[in-house]
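K.L.:
Residue numbers (my numbering), protein chains in the order written: chain A, 1 to 114; chain B, 1001 to 1110. Below is a structure I'd like to ask you about.
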Amino acid sequence: NAGVTQTPKFQVLKTGQSMTLQCAQDMNHEYMSWYRQDPGMGLRLIHYSVGAGITDQGEVPNGYNVSRSTTEDFPLRLLSAAPSQTSVYFCASSYSGGRGDTQYFGPGTRLTVL
Amino acid sequence: GQSLEQPSEVTAVEGAIVQINCTYQTSGFYGLSWYQQHDGGAPTFLSYNALDGLEETGRFSSFLSRSDSYGYLLLQELQMKDSASYFCAVMGDYGQNFVFGPGTRLSVLP
């Protein structure tokens, strides 16, 4: 069991570039989510998915797109990178997203936008 | 919406007991979770309280008072490796998204 994996671990972009952050889990979890964490702050939800083909916006969705074509994968796309998107991005999954479910986090992607 | 408040920093010495508080405001409450995050690492789950009272897991305990919209994480026999940030979290309005508090940075001194 690899758990939740994220690639890349580090990325530097120029303003206006686009890219996709990859997230995969092998625990057959229905619920997956993306968070961003700015220095010294908590995690803010970007988008989440309760199953393949179903996604919804979180607290800070602007500038990001997601899709969920399979249970395993939940990529996050930055459409046109901006310096304000410099952050650490965490992907997480849980069995159902329900009450008391443990969320398992990936190791994170550290993104810098110049 | 939801909002959570935590102290920004707590300092304690090795072997001591420390309590990290969390107050929350949410329109629908489905339980309070706690996560630990070491510098440069990913958050990891510590505990979950759905009902009032104390939940104990080894050196860590978590308490919830629904009437007071308040919970805390209690860490006993502190060790240097407990130095980390601790986040409380609640389930969102739709029961399918999590909202995290700002985090409390715990420093354990020798």
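All residues carry an ideal CB built from backbone N, CA and C; glycine is no exception. Keep in mind it's a predicted model, so treat the numbers as computed, not measured.
#1: On the criterion of 16 or more Cβ atoms from any shown chain inside 10 Å, does P83/A qualify as buried, or is it exposed?
#2: Helix, strand or coil: how does DSSP classify Q103/A here?
#3: What in chain B is Cβ-close to Q103/A, meaning under 9 Å?
#4: What do you get for V4/A, buried or exposed, if any count of 16 or more other CB atoms within 10 angstroms of its CB means buried?
#5: Thinking Y1048/B and G1028/B are a contact (beta carbons under 8 Å), I'd like their distance in whole angstroms, please.
#6: For the putative contact between L21/A and T112/A, defined by C-beta atoms under 8 Å, what is the C-beta separation to the nearest angstrom?
#7: Applying a beta-carbon distance threshold of less than 7 Å, which residues of chain A neighbour P1007/B?
#8: Of the residues L78/A, S94/A, Y95/A, which one's Cα is nearest the Cα of Q11/A?
#9: Identify, in the order they occur along the chain, each residue of the same chain with its Cβ nearer than 6 Å to the Cβ of R1059/B, setting aside the five sequence neighbours on each side.
#10: Answer with yes or no whether the minimum CB distance from F74/A to chain B is below 8 Å.
#11: Go to S1033/B, then tell me how far its beta strand (DSSP E) extends in each direction, as first and last residue.
#12: Hey, is M32/A's beta-carbon within less than 8 Å of any beta-carbon in chain B?
#13: Determine whether the Cβ of G63/A lies closer than 8 Å to any Cβ atom of chain B.
#14: Assuming contact is defined by CB atoms lying nearer than 8 Å, are A81/A and T15/A in contact in what I supplied?
#15: Can you find a C-beta in chain B that's less than 8 Å from the C-beta of M27/A?
#16: What is the C-beta distance between E30/A and V50/A, in whole angstroms, given that I count them as a contact (C-beta under 8 Å)?
#17: For a quick check, are the C-beta atoms of L76/A and I46/A less than 8 Å apart?
#18: Indicate the three-state DSSP secondary structure (helix, strand or coil) for D1000/B in the structure shown.
#19: Less than 7 Å between C-beta atoms, sequence neighbours within five positions excluded: which residues of the same chain meet that for V1018/B?
#20: Between the alpha carbons of S87/A and Y1086/B, how many angstroms are there, rounded?
#21: Alpha carbon to alpha carbon, what distance is there between F1063/B and C1022/B?
#22: May I ask you to list the residues that DSSP assigns as paired with I54/A?
P.N.:
Answer, in terms of the structure:
#1: By the neighbour-count rule (16 or more Cβ atoms within 10 Å), P83/A is not buried but exposed.
#2: Reduced to three states, the DSSP call for Q103/A is coil.
#3: Chain B residues near Q103/A: S1033, Y1035, P1043, F1045, A1089, F1098.
#4: With 16 or more neighbouring CB atoms inside 10 Å of its own CB, V4/A falls in the buried class.
#5: About 16 Å; that fails the 8 Å criterion.
#6: No, L21/A and T112/A are not in contact; Cβ-Cβ is about 13 Å, not under 8 Å.
#7: Those do not exist, as P1007/B stays about 13 Å from chain A at its closest Cβ, beyond 7 Å.
#8: In terms of CA proximity to Q11/A, L78/A leads the group L78/A, S94/A, Y95/A.
#9: Excluding residues within five positions, the ones whose Cβ falls inside 6 Å are Q1076, E1077.
#10: So, not an interface residue.
#11: Looking at the DSSP string, the run of the beta strand (DSSP E) that includes S1033/B is 1032 to 1037.
#12: So, not an interface residue.
#13: Among the residues facing chain B, G63/A is not included, as its CB has no counterpart in that chain under 8 Å away.
#14: Annotated as proximal: A81/A and T15/A, with beta-carbon spacing under 8 Å.
#15: Not flagged as an interface residue toward chain B: M27/A, since no C-beta distance is shorter than 8 Å.
#16: Indeed they touch by this definition, with Cβ atoms about 6 Å apart.
#17: Going by C-beta atoms, L76/A is nearer than 8 Å to I46/A.
#18: The structure shown does not extend to residue 1000/B, since chain B is modelled only from 1001 through 1110, so no value can be given for it.
#19: Excluding sequence neighbours, V1018/B sits near V1010, A1012, L1075, L1078, L1106.
#20: One C-alpha to the other measures close to 19 Å.
#21: Taking the straight line from one Cα to the other gives about 10 Å.
#22: Paired residues: G51/A.
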